[in-house]
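Chemist: Chains as they are written, first to last, in the numbering used here: chain A, -5 to 324; chain B, -5 to 324.
Beta carbons: idealized from backbone N, C-alpha and C, even for Gly.
Protein chains: 2
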Amino acid sequence: MTYAISYDDILDAARQIEGVAVRTPLLELPALNERVGGRVFLKPENLQRVGAFKFRGAYNRLSRLSAAEKALGVVAFSSGNHAQGIAHAAQILGIRATIVMPSDAPELKLANTRAYGAEVILYDRYNEDREAVAARVVGDSGATVVPPYNDPFIMAGQGTVGLEIAQDLDAMGIVPDQALINCGGGGLCSGAYLALYEHFPSLDGYVVEPAAFDDVTRSLVSGEIETVDFGARSVCDALLTPSAGLLTFPIMQGLGLKGLSVSDDEALDAVGYAAKSLKLVAEPGGAAALAALLSGKIDGKAKNTIVVISGGNIEPAMLQQCLARESASK
Amino acid sequence: MTYAISYDDILDAARQIEGVAVRTPLLELPALNERVGGRVFLKPENLQRVGAFKFRGAYNRLSRLSAAEKALGVVAFSSGNHAQGIAHAAQILGIRATIVMPSDAPELKLANTRAYGAEVILYDRYNEDREAVAARVVGDSGATVVPPYNDPFIMAGQGTVGLEIAQDLDAMGIVPDQALINCGGGGLCSGAYLALYEHFPSLDGYVVEPAAFDDVTRSLVSGEIETVDFGARSVCDALLTPSAGLLTFPIMQGLGLKGLSVSDDEALDAVGYAAKSLKLVAEPGGAAALAALLSGKIDGKAKNTIVVISGGNIEPAMLQQCLARESASK
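(1) Looking at C-alpha atoms only, which residue of A:V169, A:T211, A:C177 is the closest neighbour of Y191 of chain A?
(2) In or out: L233 of chain B buried (at least 16 other Cβ within 10 Å) or exposed?
(3) Within 8 Å (strictly less), CB to CB, does A84 of chain B reach chain A?
(4) Label H(-4) of chain A either buried or exposed according to how many other C-beta atoms from any shown protein chain fall within 10 Å of its C-beta, with 16 as the threshold for buried.
(5) Smallest Cα separation from V44 of chain A: which of B:A46, B:G51, B:P24, B:G181?
(6) To the nearest angstrom, report how far apart R108 of chain A and I148 of chain B are at their CA atoms.
(7) By the DSSP assignment, the beta strand (DSSP E) with N176 of chain B in it spans what residues?
(8) Does the beta-carbon of A205 of chain B, which I'm using as the reference point, lie nearer than 7 Å to any heavy atom of the ligand SAH?
(9) Would you tell me roughly how many angstroms separate the C-alpha atoms of L36 of chain A and N176 of chain A, rounded to the nearest one?
(10) Within the chosen definition, does the segment 39 to 53 of chain B reach the segment 300 to 316 of chain B through at least 3 CB pairs nearer than 8 Å?
(11) Three or more beta-carbon pairs under 8 Å between the segment 191 to 210 of chain B and the segment 234 to 249 of chain B, yes or no?
(12) In the DSSP assignment, find the beta strand (DSSP E) that holds Y117 of chain B and state where it starts and stops.
(13) Is there a C-beta anywhere in chain A that falls below 8 Å from the one on V16 of chain B?
(14) Count the other CB atoms, across all protein chains shown, that sit within 10 Å of the CB of L240 of chain A; report buried if there are 16 or more and exposed otherwise.
(15) Would you identify the three-state DSSP class for V70 of chain B, choosing helix, strand or coil?
(16) Which same chain residues end up closer than 7 Å to T154 of chain A when comparing Cβ atoms and leaving out the 5 residues on each side of it in sequence?
(17) Is it right to say A15 of chain B is buried, meaning 16 or more other beta carbons lie within 10 angstroms of its own, or is it exposed?
(18) Leaving out five residues before and five after A296 of chain A in sequence, what residues of the same chain have Cβ atoms less than 8 Å from its Cβ?
(19) Considering only residues of the segment 185 to 224 of chain B, which uninterrupted beta strand (DSSP E) runs meet the minimum length of 3 residues and lie entirely inside it, listed in chain order?
(20) Can you find a CB in chain B that lies within less than 8 Å of the CB of N40 of chain A?
(21) For Y120 of chain A, count neighbouring Cβ atoms within 10 angstroms of its own Cβ and tell me buried if that reaches 16, exposed if not.
(22) Helix, strand or coil for Q33 of chain A? Go by DSSP, reduced to three states.
(23) Between the segment 156 to 169 of chain A and the segment 134 to 143 of chain A, are three or more C-beta pairs nearer than 8 Å?
(24) When you check each C-beta in the segment 272 to 285 of chain B against every C-beta of chain A, which residues fall closer than 8 Å?
(25) Measure the CB-CB distance between A283 of chain A and V301 of chain A and report whether it falls below 8 Å.
(26) Taking only beta carbons into account, state which residues of the segment 43 to 57 of chain B come closer than 8 Å to chain A, listed in chain order.
(27) Tell me, to the nearest whole angstrom, how far the beta carbon of Y110 of chain A is from that of V94 of chain A; I am working on the premise that it is less than 8 Å.
(28) If the criterion is Cβ atoms closer than 8 Å, does the pair Q152 of chain B and L197 of chain B meet it?
(29) Taking P96 of chain A as part of the beta strand (DSSP E), name the residues at either end of that continuous run.
(30) Listed from N- to C-terminal order along the chain, which residues in the segment 90 to 102 of chain B have their beta-carbon within a distance smaller than 9 Å of any beta-carbon of chain A?
(31) Thinking C-alpha only, which one of B:G167, B:G266, B:V34, B:A238 is nearest E218 of chain B?
(32) Is L317 of chain B close to chain A, meaning its C-beta is less than 8 Å from at least one C-beta of that chain?
(33) Which residues of chain B have a Cβ atom closer than 7 Å to the Cβ of K270 of chain A, listed in chain order?
(34) With distances taken from CA atoms, which of B:P96, B:S289, B:V69, B:A99 is nearest A112 of chain B?
(35) What residue does the alpha helix (DSSP H) around T154 of chain A start on, and which one ends it?
(36) Quick one, are the C-beta atoms of L262 of chain A and I292 of chain A less than 8 Å apart?
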């Protein structure tokens, strides 16, 4: 079957975002290697514009709009990082942005989205359907609705995360054994793994989800797009999507990815560990893949493991809590 | 006059530490550029082994010891980061290390130094002379005393920080206008600036100190090695040295460096800003140079500015305080 995007689309996205998005480094930190007993290659997308990989797809998508589409503005619905990505990309491109956000989104993400010049409209995450709200907001304004993951340009943009990792590993002459990437709707995993498998066909690729939102993990087993329980909760606010996308899932399935899930406690411990031992600020959803490795959900001994830290937009109060966790110590 | 080290010594140190020390990336983060109104190139030595640049000099020094010297062990005196650097380098090289540390050193640094396998001996920072204590500890054991900065191999090792920055900027075709580097005894500043001026002779180089420990700033004005007031205090525990070294000062003076100083409040604000907006964990003494830029002590508008974040070993409780500071917000 044909996927929604190809490796060439990711190369094209890389050219589109060059000089605008940050080309984040690939970090190998001895403290983490020693803890894991293998080599770990960290892609710190918390250092990306807006503090998360989401800027890549947002900029790739918005910069492709026609002049007429740009003039009518864009609408996005997001729990936070996609909101910031769209708001900031729109700001850079001079496009008017309206963002529909859940009323319980982290205050920091709400404030940042507004700071990028977007108009924010709040809705009730558990009692209102965000796409219906978005449709109501859009009305007959002609604005383009930009989905958070189920869009080829978004997926190709996020794919540049995998492309950069592959290029950096190639330059070092290193072949990775396995990779761990956080998964919400699959925009990052579908794009990044498409690029990674192009370079490393024998890679073992894992999507990492919060335990209460392990729909992709189950979907990869059943072969059908599964959904999460209504009312599920997790501290990993960046990964709270009800199901994978119709465009993202076939890629994740076709590449033969497998799923892993982590508890909220494991994610919070990983945030504390990252700050104390790696000197990097991650948000819980951004640290899920790291949590899978630290908690032993996957063994990194004597292996080359890729871990993507997908975002760092954590409330100061929550980071303070993570720092205080005993179990987050070295 | 002849300096204690040359550019060639730094190239030699770079070969010596290659594959052991982390070659930290040079980061350009849009959030910081936009705040400053210019381009800022951050060297995050908080990502270095032991969480500070100190590992570079320590490994360069210890790896040069003869087999006979290695067998007799090493002794170091340090408020924390040098201690960790020597302890970890000794651990890697299989050398027995004894570290004399002030009893009020951060608990984290004491614990980490012990975790690297060193024996820690405590002394009273304000009522005992640490060199006398070290001499007593050494006795006739034959152990080599490794000074924190006044040593050619230490200085050349720290100089690799500047060499890597220069190499990365050269590769990007960028000529820096100015640089800000934290200064205690001058090991980092003398070495790193020697490398930077070799590549960029028209650079404006600044040493950045805590206001109560601005001895190098005053020394650069008077032309003599000045000292700090007995009993001076600062939250920047990594920079609490009484005076520059006899080997480090002539280099800082000869290169025409200038001095800047920051208050404890400015350093703590910079730590909060780094965690919230840059997603990097810095310690107060490691963030002094960043503080000088953020507080407007030096203008970065329309300039290319190098900033070294020299360390990230901050107590979780102090990081929590920095996160809570209103003035550290964006």
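Modeler: Judging by the given coordinates:
(1) Cα-wise, what sits closest to Y191 of chain A is A:V169.
(2) Here L233 of chain B is buried. Its C-beta has 16 or more other C-beta atoms within 10 Å.
(3) With 8 Å as the cut-off, A84 of chain B does not count as an interface residue toward chain A.
(4) The sequence as given places Thr at residue -4 of chain A; His does not occur at that position. Counting other Cβ atoms within 10 Å of its Cβ, T(-4) of chain A stays below 16 and is therefore classed as exposed.
(5) Nearest Cα to V44 of chain A within the set B:A46, B:G51, B:P24, B:G181: B:P24.
(6) Distance between the alpha carbons of R108 of chain A and I148 of chain B: 48 Å.
(7) Where N176 of chain B is concerned, the enclosing beta strand (DSSP E) stretches over 172 to 176.
(8) By its list of ligands, the structure shown contains no ligand whatsoever, and the ligand SAH lies outside what it can speak to.
(9) For the pair L36 of chain A and N176 of chain A, the Cα-to-Cα distance works out to about 13 Å.
(10) Yes, they touch.
(11) Segments in contact, yes.
(12) Element bounds for Y117 of chain B: 113 to 117.
(13) Closer than 8 Å to the CB of V16 of chain B there is at least one CB belonging to chain A.
(14) By the Cβ-count criterion, L240 of chain A is exposed, with fewer than 16 other Cβ atoms from all chains shown falling within 10 Å of its own Cβ.
(15) A small correction: the amino acid at residue 70 of chain B is Ala; Val does not occupy that position in the sequence shown. In this structure, A70 of chain B counts as strand in the three-state DSSP scheme.
(16) These residues qualify, in order along the chain: I4, A7, A8, I11, R50.
(17) Only buried fits A15 of chain B, as 16 or more other CB atoms lie within 10 angstroms of its CB.
(18) Listed in chain order, the non-local C-beta contacts of A296 of chain A below 8 Å within the same chain comprise G31, G32, local neighbours out to five positions each way being set aside.
(19) Runs found: 198 to 204.
(20) At least one CB atom of chain B sits nearer than 8 Å to the CB of N40 of chain A.
(21) Exposed is the call here.
(22) Checking the sequence shown, residue 33 of chain A turns out to be Arg, not Gln. It is a strand residue.
(23) The segment 156 to 169 of chain A, when compared against the segment 134 to 143 of chain A, does not touch it at the 8 Å Cβ threshold.
(24) Those would be L272, K273, L274, V275, A276, in chain order.
(25) In this structure, V301 of chain A lies closer than 8 Å to A283 of chain A by Cβ.
(26) Answer set for the segment 43 to 57 of chain B: R43, G45.
(27) Not quite, the Cβ-Cβ distance comes to about 15 Å (not below 8 Å), so this is no contact.
(28) In this structure, L197 of chain B does not lie closer than 8 Å to Q152 of chain B by Cβ.
(29) Under the DSSP assignment, P96 of chain A falls in the beta strand (DSSP E) whose first and last residues are 91 to 96.
(30) Within the segment 90 to 102 of chain B, the residues whose Cβ lies closer than 9 Å to some Cβ of chain A are L102, listed in chain order.
(31) The candidate whose alpha carbon is nearest that of E218 of chain B is B:A238.
(32) Contact with chain A is found for L317 of chain B, since one of that chain's Cβ atoms lies less than 8 Å from the residue's Cβ.
(33) Under the 7 Å cutoff, chain B gives P310.
(34) Measuring C-alpha to C-alpha distances from A112 of chain B to each of B:P96, B:S289, B:V69, B:A99 identifies B:V69 as the nearest.
(35) Bounds of the alpha helix (DSSP H) holding T154 of chain A are 146 to 166.
(36) Between L262 of chain A and I292 of chain A, the gap from beta carbon to beta carbon reaches 8 Å or more.
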